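Colleague:
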Amino acid sequence: MKRVIRWALGGLALLLITTIAFIELRTRTGARRAEAELAAHEPSSVGDFGTTRTLSILPLVDWHASKPGLRTEMGVSYLIETDEHRILFDVGHNAKQESPSPLELNMKALDVPLGSVDTVFISHNHFDHVGGKPRQEGRTFSVGLEQVPLPSVRAFVPIPMTYPGLSPVHAGEPTRIGQGIASTGTIPRQLVFGWIDEQALVVHVADLGAVLVVGCGHQTIPKLLARYDEVFDAPLYGIVGGLHFPVPEGRFKVLGLNAQRFLASGDGMFSPITMEDVEDQMDQLRQRNLGLVGVGGHDSSDEVIAMFHDTFGHAYRHIRVGERIVVRSPTEAF
Numbered sequence: 001m002k003r004v005i006r007w008a009l010g011g012l013a014l015l016l017i018t019t020i021a022f023i024e025l026r027t028r029t030g031a032r033r034a035e036a037e038l039a040a041h042e043p044s045s046v047g048d049f050g051t052t053r054t055l056s057i058l059p060l061v062d063w064h065a066s067k068p069g070l071r072t073e074m075g076v077s078y079l080i081e082t083d084e085h086r087i088l089f090d091v092g093h094n095a096k097q098e099s100p101s102p103l104e105l106n107m108k109a110l111d112v113p114l115g116s117v118d119t120v121f122i123s124h125n126h127f128d129h130v131g132g133k134p135r136q137e138g139r140t141f142s143v144g145l146e147q148v149p150l151p152s153v154r155a156f157v158p159i160p161m162t163y164p165g166l167s168p169v170h171a172g173e174p175t176r177i178g179q180g181i182a183s184t185g186t187i188p189r190q191l192v193f194g195w196i197d198e199q200a201l202v203v204h205v206a207d208l209g210a211v212l213v214v215g216c217g218h219q220t221i222p223k224l225l226a227r228y229d230e231v232f233d234a235p236l237y238g239i240v241g242g243l244h245f246p247v248p249e250g251r252f253k254v255l256g257l258n259a260q261r262f263l264a265s266g267d268g269m270f271s272p273i274t275m276e277d278v279e280d281q282m283d284q285l286r287q288r289n290l291g292l293v294g295v296g297g298h299d300s301s302d303e304v305i306a307m308f309h310d311t312f313g314h315a316y317r318h319i320r321v322g323e324r325i326v327v328r329s330p331t332e333a334f
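So the sequence shown is numbered by this note's numbering: it starts at 1 and just counts up by one.
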């Protein structure tokens, strides 16, 4: 019997080692593919996509809240408002598949009618941005448990996706969305979790420059900055959103493993993102002399958020549900 148990344990250990080796090989092979695709890709230009005089970013779902009564979770959703548009940027997680969802509850509490939204922007197809795992697997998205009608709404998505009654626009390339609003186009990345294509939103505020609104930041800051410089002419004024710095610990664990750090950051299970990586990317932002920086808590640790707060001082804004971030052109009357 003991011999059988030893054989069984040995077989399980061999299976585990083989599985880990396969995942690591797939990750590294995919990472080389992503780098090759980026090196060969020449992103298209959106040209002059105009400006807006005002920009408001209202976090609707994130890890931290500005006051009691607002729901929080490991997901992301923002209301982006400009002179002409109201954009729902990602739709949260709804981890417990509740009805109403945390997003729906917060929209009601913050007086954000879904009917006032004219555009949906999905940064990438991960469960905490599209309304849950079933939506990710179905390559779709949902504000709540049921997919309610969204009449007169445009949707811009990072991969081919569907939604009842809509024809979502696949914004694989940089794409003009509206006056002063554009997509960076998608940037590929191979994670241990799997391949991901992620886009960020660009909002050009008159007389200041552009603000990047980022969902998760799987692209990494260096690649986001490189894409921005390739495609857009306006100076970069700010960056707000999930920048994916789950160091030393993330918010999401799988069997006790820091999943955000080991499975969704870095170049493999054995080479996760480090604090040195965070400091290097933070330094690249510091060199830009930005007027606005905000780091979301859903995929960055409280320690990193404190570092950004201390480093960027008056330019730093907290990302908390219900706490609006407003940017205005210097010539805009108050």
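Glycine included, each C-beta is placed from N, C-alpha and C at the ideal position. The structure displayed is predicted, hence computed values, not measured ones.
DSSP beta-bridge partners for histidine 204?
Modeller: Paired residues: Ala210.
Colleague: Output the residue ranges of the beta strand (DSSP E) runs that lie fully inside the region 48–82 and measure 3 residues or longer, sorted by chain position.
Modeller: As far as the region 48–82 is concerned, its whole beta strand (DSSP E) runs of at least 3 residues are 54–61, 77–81.
Colleague: Would the beta-carbon of glutamine 199 fall within 9 Å of that of phenylalanine 156?
Modeller: Yes, the Cβ-Cβ distance between glutamine 199 and phenylalanine 156 is below 9 Å.
Colleague: So, with DSSP's three-state summary, where would you put proline 235?
Modeller: In this structure, proline 235 counts as coil in the three-state DSSP scheme.
Colleague: Under 9 Å between the Cβ atoms of serine 77 and leucine 105?
Modeller: Contact: no.
Colleague: The beta strand (DSSP E) spanning alanine 259 covers which residue range?
Modeller: Taken as a continuous stretch (DSSP letters only), alanine 259 belongs to no beta strand (DSSP E), being part of the alpha helix (DSSP H) at 259–262.
Colleague: Using CA atoms only, rank isn't needed, just tell me which of Thr119, Gln97, Lys223, Ser167 is closest to glutamine 284.
Modeller: Closest option to glutamine 284, Cα to Cα, is Lys223.
Colleague: For arginine 176 and glycine 256, what's the separation of their Cα atoms in angstroms?
Modeller: C-alpha separation (whole angstroms): 42 Å.
Colleague: Taking the straight line between their C-alpha atoms, what separation do you get for leucine 166 and glutamate 146?
Modeller: Distance between the alpha carbons of leucine 166 and glutamate 146: 15 Å.
Colleague: Under 9 Å between the Cβ atoms of arginine 328 and leucine 55?
Modeller: In contact: arginine 328 and leucine 55 (Cβ atoms closer than 9 Å).
Colleague: Give me the DSSP bridge partner(s) of tyrosine 316.
Modeller: Val293, per the DSSP bridge assignment.
Colleague: Could you tell me the boundaries of the alpha helix (DSSP H) in which arginine 286 lies?
Modeller: That run of the alpha helix (DSSP H) goes 275–286.
Colleague: With proline 188 as the anchor, note down where its beta strand (DSSP E) starts and where it stops.
Modeller: From DSSP, the beta strand (DSSP E) with proline 188 extends over 187–191.
Colleague: With DSSP as the reference, please indicate the residues paired to histidine 170 in a beta bridge.
Modeller: Beta-bridge pairing links histidine 170 to Val157.
Colleague: Does alanine 40 come out as helix, strand or coil in the three-state DSSP assignment?
Modeller: Looking at alanine 40 - three-state DSSP - the assignment turns out to be helix.
Colleague: Identify which residue in Phe262, Arg286, Gly194 has its Cα closest to the Cα of tyrosine 237.
Modeller: Looking at the Cα atoms, Arg286 is the closest of the given residues.
Colleague: Where does lysine 133 fall in DSSP's three states?
Modeller: Three-state result, lysine 133: helix.
Colleague: Exposed or buried, phenylalanine 232, counting other C-beta atoms within 10 Å across all chains shown (16 or more means buried)?
Modeller: By the neighbour-count rule (16 or more Cβ atoms within 10 Å), phenylalanine 232 is buried.
Colleague: Whole-angstrom Cβ separation of serine 99 and glycine 144, contact assumed at under 8 Å?
Modeller: Yes, serine 99 and glycine 144 are in contact; Cβ-Cβ is about 6 Å, under 8 Å.
Colleague: Within 8 Å, do at least three Cβ pairs link the region 291–302 to the region 313–323?
Modeller: Contact between the region 313–323 and the region 291–302 is present, because at least three Cβ pairs lie under 8 Å.
Colleague: For serine 183, name the three-state secondary structure that DSSP assigns.
Modeller: If DSSP states are grouped into helix, strand and coil, serine 183 belongs with the strands.
Colleague: How should leucine 25 be labelled, buried or exposed, when 16 other C-beta atoms within 10 angstroms of its C-beta is the threshold for buried?
Modeller: By the neighbour-count rule (16 or more Cβ atoms within 10 Å), leucine 25 is not buried but exposed.
Colleague: Here's the rule: buried if 16 or more other CB atoms are within 10 angstroms of the residue's CB, otherwise exposed. What is arginine 71?
Modeller: Arginine 71 comes out buried.
Colleague: With a threshold of 8 Å, are at least 3 pairs of Cβ atoms found where one atom belongs to the region 191–206 and the other to the region 104–120?
Modeller: Short answer: they don't touch.
Colleague: With DSSP collapsed to three states, give me the class of phenylalanine 121.
Modeller: Three-state result, phenylalanine 121: strand.
Colleague: Between the Cα of asparagine 125 and those of Ile187, Gly291, Phe312, spot the shortest distance and give me the residue it belongs to.
Modeller: Of Ile187, Gly291, Phe312, the residue nearest in Cα terms is Ile187.
Colleague: On the DSSP bridge assignment, give the partners of isoleucine 196 in chain order.
Modeller: In DSSP, isoleucine 196 forms a bridge with Arg189.
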